[in-house]
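Sequence order for the protein chains is A and B. In terms of this note's numbering, the first sequence is numbered consecutively and its last residue is 240. In terms of this note's numbering, the second sequence is numbered consecutively and its last residue is 829. For each residue, glycine too, the CB sits at the ideal point set by N, CA and C. Here's the structure we're looking at; comments come further down.
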Amino acid sequence: MSVLALFLAAVMAVIAWWLVQQRITTKPWLETGPIGDAGAPSLPAAKIGLGVFLAVAGTLFALFFSAFMMRMNMPELNAPEWKPVPAPAILWFNTGLLVFSSGALQWARAAARRRRVEGVKAGLVVGAGFALAFLAGQLIAWQQLNAAGYYLTANPAAAFFYLITGIHGVHLLGGLAALGAAAEKAWQGITAKEIQLRIELCAIYWHFLLLVWLVFFGLLLFTDPSRPGSGLISFICGML
Amino acid sequence: MVEIRVDGAIPAAEVPDVELYHAKSWITKYVFCQDAKVIAIQYSLTAMGIGLVALVLSWLIRLQLAFPGTLSLISPEAYYQFITMHGMIMVIYLLTALFLGGFGNYLIPLMVGARDMVFPYVNMLSYWVYLLAVLILVASYFVPGGPTGAGWTLYPPQAILAGTPGRDWGIILMLSSLILFIIGFTMGGLNYVVTVLQGRTRGMTMMRLPLTVWGIFSATVLALLAFPALFVACVMMLLDRLLGSSFFMPAIVQAGEHLSYEGGSPILFQHLFWFFGHPEVYIVALPAFGIVSDLISTHARKNIFGYRMMVWAIVAIAVLSFIVWGHHMYISGMNPMFGFFFATSTLIIAVPTAIKVYNWVLTLWRGNIHLTVPMLFAIGFIVTFVNGGITGLFLGNVIVDVPLSATMFVVAHFHMVMGIAPILVVFGGIYHWYPKITGRMLNDTLGRIHFWITFLGAYAIYFPMHYLGFIGVPRRYYELGETAFVPPSAAALNVFITVAALIVGAAQIIFFFNLVWSFYKGKLAGSNPWRATTLEWQTPETPPGHGNWGKELPVVYRWAYDYSVPGAEQDFLPQNQPSKGPSRQAAPV
Chain A
1 MSVLALFLAA VMAVIAWWLV QQRITTKPWL ETGPIGDAGA PSLPAAKIGL GVFLAVAGTL
61 FALFFSAFMM RMNMPELNAP EWKPVPAPAI LWFNTGLLVF SSGALQWARA AARRRRVEGV
121 KAGLVVGAGF ALAFLAGQLI AWQQLNAAGY YLTANPAAAF FYLITGIHGV HLLGGLAALG
181 AAAEKAWQGI TAKEIQLRIE LCAIYWHFLL LVWLVFFGLL LFTDPSRPGS GLISFICGML
Chain B
241 MVEIRVDGAI PAAEVPDVEL YHAKSWITKY VFCQDAKVIA IQYSLTAMGI GLVALVLSWL
301 IRLQLAFPGT LSLISPEAYY QFITMHGMIM VIYLLTALFL GGFGNYLIPL MVGARDMVFP
361 YVNMLSYWVY LLAVLILVAS YFVPGGPTGA GWTLYPPQAI LAGTPGRDWG IILMLSSLIL
421 FIIGFTMGGL NYVVTVLQGR TRGMTMMRLP LTVWGIFSAT VLALLAFPAL FVACVMMLLD
481 RLLGSSFFMP AIVQAGEHLS YEGGSPILFQ HLFWFFGHPE VYIVALPAFG IVSDLISTHA
541 RKNIFGYRMM VWAIVAIAVL SFIVWGHHMY ISGMNPMFGF FFATSTLIIA VPTAIKVYNW
601 VLTLWRGNIH LTVPMLFAIG FIVTFVNGGI TGLFLGNVIV DVPLSATMFV VAHFHMVMGI
661 APILVVFGGI YHWYPKITGR MLNDTLGRIH FWITFLGAYA IYFPMHYLGF IGVPRRYYEL
721 GETAFVPPSA AALNVFITVA ALIVGAAQII FFFNLVWSFY KGKLAGSNPW RATTLEWQTP
781 ETPPGHGNWG KELPVVYRWA YDYSVPGAEQ DFLPQNQPSK GPSRQAAPV
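Here is the structure:
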């Protein structure tokens, strides 16, 4: 539960910071009059909403990672079924695609801020293209692993790989739907200012999914027995 | 004497007054409606409808326990299906949905002074996904093999193995339904949280919020962080069942046949399930805590004692509830050091909880107590919650839990603390807010009859059940048969409990009759029949119109508990009453 504990500790820290802003030590029964709400966030509701959603989605992925690591460290169950999945080389390429996708959306975000509609459109198309290529690449990785005998029912390590990459892919598909809706607005001739918030939300979501992928990819690499340092993560998991 | 008065220019609202969604047809006004008040009623009616199914199931369970073998329709398989469905419906589809989807949707926008939730469309979707989840759950009664009989905890490996009722379809529908429920709840939960954060009207600081909102808000945050664990567990078990993966399934030899599973960990499921399961107790309890605080303060005409402590206690309970899940797993073979940790953290939760109980009692102390029906239910809650909480101290200790685990004592404990206690608050809340929702009062006499039968009947059911647990009567057994250590008198006690359960269940007809009858014939309520301070009672129309507030949003000048302020003309000062006039004074320093 170490990954989950770390993630929830971070969420709790944000909540604690926010609570402190709410003047929770005041004595409201002594205060009359229309006082301002010092702690109310000035961000748009949609952005706060996305933040809350990312906390939920983050918890979800942290739980998957925790389950993955807990299962990995149950020695009484490990022989002979836990066979760590070797990370296919294409995953490096896929990682690059997702980085570019995220970068393209960041570019679109900057263009929207500078009110350049053409830049926004280009960023959206490139970002979506790289995201679709990433998804296709993940499917190829599935095929390669399947061909190498690491199919879903082969052992729990393989099952975790399919599960986590699958859930990540579904999240990306959901993001693409939102991106599509934003793109539709952009092509309808809406101004860059009006679309700015949507683009920002998409870009933040993309960065989040990139981060999730990097964490999982890192986990895979560190637990791949054919690579040096594979014992490190197991050691840390064991300690925690 | 120190008096603090914060006058000055009214700051701008945190969010600009948004343009409201307006229904264009009957369908979008009453069916696919985006108004939180309508969604609240949809949630509540659906939850109560499915709750009635669970009530009937509990009758059947009790009939089997009291008169084993008498009713031919209750086979062992059917019995396990009854207990599974009863538990899951009550915890998830009734209580969670009713407190957060029902009370949350109705009260949050009104109490914080907003026109609606911040994302009304997503809010509407939330209800329809919830309804779909309920329908899928109900559908499991109509598939071959019927619903799952794996127990409400759905523990693998037995949940998906042949021999468990509903193994073919029931478990698939149950897991799918739970996944949908969580998706639907997340949509609603985003609304509840962001509306509290962003939708508050001018002057409504967090520390001026009624405790009802604090309770629902904290429970929602808790649920948003805890439900993903159930989601993960359901997805993984669904893959084990449908695609043959082995997340939770170890190598199994069944009836001489080696199954294809190997290498999974059933304990991993238990961790995931209880990482959700324990916060779930507080997802149900925190809204109840909040609502009861407001009921007691209003009906005792006294400000809530220790408001700040109440808020801090809610937050502390919410945080602590994430580190106690292991106390559900003492007998899973965990490391004894973990048992020590979880027992300690469990007992620590008693501290903020006790603070709340003391504060409720001190609010009542020398209050001008009106024994209205909502107040009766609120006091009934306090007593019941204390009773259930005390048996929780027994079960929180590893050494006491081990012999009591899987006995009727556990059943009695959790029914008192998270069954009866929150349901008493649900009733109290409905009797309290029904006049705002419909414009008419519920019938008082029927309400009192309903309260006394329900309250005394619940004790007739669960007090003896503790004793059954002490003498070792196990839970989950289809029938006891002849057991050396269980005296024959246990059977007589079981009959007594069943008769009480049948009466309590039937008494709920009074409540539902009252709901319907009063809707047409009840006494007109006026806008603020309880003379309460919080904003929902200050709306220009009753029931509140679309947009809640007419042209201008209310401005908040004081906290939610200005009752019986010395020198005031009336014994309550609404939150939106301007600050001229009396105010509380700090005690001499």
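DSSP, read as helix, strand or coil, puts B:His498 in strand. The region 160-175 of chain A and the region 43-54 of chain A do not touch, with fewer than three beta-carbon pairs separated by less than 8 Å. Within the region 133-165 of chain A, contact with chain B at the beta-carbon level (separation under 7 Å) is assigned to Leu152, Thr153, Asn155, Pro156, Ala159 and Leu163.
As computed with DSSP, B:Arg541 is found in no beta bridge at all. Pairing B:Tyr598 with B:Asp641, the inter-Cα distance amounts to about 27 Å. Inter-residue distance for A:Arg198 and B:Met446 is about 29 Å (C-alpha atoms, whole angstroms). Counting only runs of 4 or more residues that sit fully inside the region 389-471 of chain B, the alpha helix (DSSP H) segments are 410-438, in chain order. In chain order, Val564, Gly566 and His567 place their CB closer than 7 Å to the CB of B:Phe582, counting only its own chain and leaving out the 5 sequence neighbours on each side.
Between B:Val453 and B:Ile750, the alpha-carbon positions lie close to 29 Å from each other. In this structure, DSSP gives A:Leu43 a state outside helix and strand, which the three-state scheme calls coil. A:Thr59 reaches chain B at Leu465 and Pro468, counting residues in chain order whose Cβ is nearer than 7 Å. Along the length of the region 338-397 of chain B, whole alpha helix (DSSP H) runs at least 4 residues long occupy 345-352 and 360-379, reported in chain order. When rounded, the separation of the alpha-carbon atoms in B:Phe695 and B:Gly620 is 7 Å. Taking a 10 Å sphere around the C-beta of B:Pro384, we find fewer than 16 other C-beta atoms and assign the residue as exposed. Burial state of B:Ser533 is buried, judged by a 10 Å Cβ sphere holding 16 or more other Cβ atoms. As summarised for the region 142-189 of chain A, the continuous alpha helix (DSSP H) elements at least 4 residues long and confined to that stretch are 156-187, given in chain order. The count of Cβ pairs closer than 8 Å, one atom from the region 647-667 of chain B and one from the region 705-714 of chain B, reaches three, so the stretches are in contact. For B:Thr538, the CB contacts under 7 Å within the same chain, skipping 5 residues up- and downstream, are Trp770 and Ala772 in chain order. Taking a C-beta cut-off of 9 Å against chain A, the contacting residues of the region 793-809 of chain B are Val795, Val796, Tyr797, Arg798, Trp799, Ala800, Tyr801 and Asp802, listed in chain order.
Residue state for B:Val493 is assigned as strand, using DSSP reduced to three classes. B:Gly406 and B:Gly389 have their C-alpha atoms some 6 Å from each other. The region 554-562 of chain B and the region 469-478 of chain B do not touch, with fewer than three beta-carbon pairs separated by less than 8 Å. Excluding the 5 residues flanking it on each side, B:Leu340 has same chain C-beta neighbours closer than 8 Å at Phe425, Gly428, Gly429, Tyr432, Ile456, Ala459, Thr460, Ala463, Ile523 and Pro527, in chain order.
In the structure shown, A:Arg115 falls within a coil segment according to DSSP collapsed to helix, strand and coil. When the alpha-carbon of A:Ala10 is set against those of A:Gly33, A:Ala111 and A:Leu54, the nearest one is in A:Leu54.
For the region 476-488 of chain B, residues whose beta-carbon sits nearer than 9 Å to a beta-carbon of chain A comprise Met476, Leu479, Asp480, Leu483, Gly484, Ser485, Ser486 and Phe487. Assigned with DSSP and collapsed to three states, B:Tyr803 falls in strand. Taking 8 Å as the upper bound for CB-CB distance, B:Ile423 and B:Ile411 are not in contact here, some 19 Å apart. The C-beta separation of B:Asn543 from A:Trp29 comes to about 6 Å, placing the pair in contact by the 8 Å criterion. Sequence-ordered contacts of the region 529-557 of chain B with chain A read Asn543, Tyr547, Arg548, Val551, Trp552 and Val555 [C-beta pairs closer than 8 Å]. 9 Å or more divides the Cβ of B:Tyr283 from the Cβ of B:Leu372. One alpha carbon belongs to B:Ile507, the other to B:Phe617, and they sit about 40 Å apart.
One Cα belongs to B:Gly439, the other to B:Arg448, and the distance between them is close to 14 Å.
The beta carbon of B:Ile622 is closer than 6 Å to those of Trp600 in its chain, skipping five residues each way along the sequence. For B:Phe582, no Cβ of chain A is located within less than 9 Å of the residue's own Cβ. For the region 420-436 of chain B, the set of residues with a beta-carbon nearer than 9 Å to any beta-carbon of chain A comprises Thr426, Gly429, Leu430, Asn431, Val433, Val434 and Thr435, in chain order.
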